[in-house]
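Take a look at the structure set out below.
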Amino acid sequence: MRWRTVSVRAVAIGWALVACGLGQAENLGRIGPTYPIAEQNLLDHIMTRLREKERSGELAKFEQLARARASESVLNPKPVPGLRLSEVPRTYYFDPSFTLDRNVVDETGAVLFPAGLRKNPLDVVSLSKHLLFFDARDARQIAKARELIARYQGRVKPILVGGSYIDLMKAWNTPVYYDQEGTLVRKLGITGVPAIVSQEGSRLRIDEVTVR
Numbered sequence: 111m112r113w114r115t116v117s118v119r120a121v122a123i124g125w126a127l128v129a130c131g132l133g134q135a136e137n138l139g140r141i142g143p144t145y146p147i148a149e150q151n152l153l154d155h156i157m158t159r160l161r162e163k164e165r166s167g168e169l170a171k172f173e174q175l176a177r178a179r180a181s182e183s184v185l186n187p188k189p190v191p192g193l194r195l196s197e198v199p200r201t202y203y204f205d206p207s208f209t210l211d212r213n214v215v216d217e218t219g220a221v222l223f224p225a226g227l228r229k230n231p232l233d234v235v236s237l238s239k240h241l242l243f244f245d246a247r248d249a250r251q252i253a254k255a256r257e258l259i260a261r262y263q264g265r266v267k268p269i270l271v272g273g274s275y276i277d278l279m280k281a282w283n284t285p286v287y288y289d290q291e292g293t294l295v296r297k298l299g300i301t302g303v304p305a306i307v308s309q310e311g312s313r314l315r316i317d318e319v320t321v322r
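Heads up: the sequence shown runs through residues 111 to 322, numbered per the working numbering.
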């Protein structure tokens, strides 16, 4: 019985010694040739390339091109795709009412407006001016826009779907807007321009008008 105890203890001590030996660092010598790390720091590489482009003048050309593109996008935004010149007069109506898909609550969690409630923004805020959509690249549409603005005694908000709003604003000396990416014309279902939007009661009336 004593021999068995001693044997178990000897095995345990042996495993402990092996573990200690494995835990110690040992110099096994040089197996093969070694080389210093030659890879350049990424930030240093980028800065070196930028300095090279700056010395060659390529960086200045790139900056000039970027400024020209930015200026062009401001002065002449991309025209709204999918619109055509109105060839036949068309009148239709748009109901801006919407239905809440969730509860609207205040900071305490109390329900202000329950889900399923249907509201019409025109019942709260009226359209103060007519909205006139047209393409300033077409001289005929510009002439028609001036005619409509005069007819409604200036109570019109000009909104371009093509052309330079900056140039037109300077020429007319009045604010001119742009329907970025056609958000409004798509919402209102406008397919032909010029088109003028007016409020009639709780609906919006859209008239796509022809030009001479």
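Ideal Cβ placement from N, Cα and C applies to all residues, glycine included.
Keep in mind that this is a model prediction, so the values were computed, not measured.
Shown here for PRO285: same chain residues with a beta carbon closer than 7 Å to its own, the five before and five after excluded, namely MET279 in chain order.
PHE208 has its alpha-carbon roughly 31 Å from the corresponding atom of ALA255. Exposure of HIS155 is indicated by the presence of fewer than 16 other C-beta atoms within 10 angstroms of its C-beta. In this structure the segment 221-239 lies against the segment 195-213, because at least three pairs of beta carbons, one per stretch, are closer than 8 Å.
DSSP, read as helix, strand or coil, puts TYR275 in helix. Taking C-beta atoms as the reference points, GLN251 and PHE244 count as a pair closer than 7 Å.
The three-state reading of DSSP puts GLN290 in helix, counting H, G and I together.
Ranking LEU152, ARG296, HIS240 by CA distance to the CA of SER308 puts HIS240 first. Leaving aside the five residues that flank PRO187 on each side, the residues in its chain whose CB is nearer than 6 Å to its CB run, in chain order, TYR288. Put simply, the backbone Cα of ALA305 is about 9 Å away from that of ARG200.
VAL215 sits exposed, since fewer than 16 C-beta atoms from the chains shown fall within 10 Å of its C-beta. With fewer than 16 other Cβ atoms from the protein chains shown falling within 10 Å of its own Cβ, VAL235 counts as exposed.
If you draw a straight line from the Cα of TYR202 to the Cα of LEU314, it comes to about 9 Å.
The beta carbon of LEU153 lies closer than 6 Å to none in the same chain, with the five residues before and after it left out. Taking each of SER274, ALA170, ASN283, VAL321 in turn and checking the Cα distance to VAL190, the smallest one comes out for SER274. Residue burial is scored here from C-beta neighbours: SER196 has at least 16 other C-beta atoms within 10 angstroms and is therefore classed as buried. Around ARG247, the same chain offers PRO189, GLY272, GLY273 as residues with beta carbons nearer than 8 Å, after the five sequence neighbours per side are excluded. The three-state reading of DSSP puts ARG200 in strand, counting E and B together.
DSSP places ARG315 inside the beta strand (DSSP E), whose first and last residues are 313-318. Residue range 305-310 is occupied by the beta strand (DSSP E) that includes GLU310, with no alpha helix (DSSP H) assigned at that position. Judged by DSSP in its simplified three-state form, ILE269 adopts strand.
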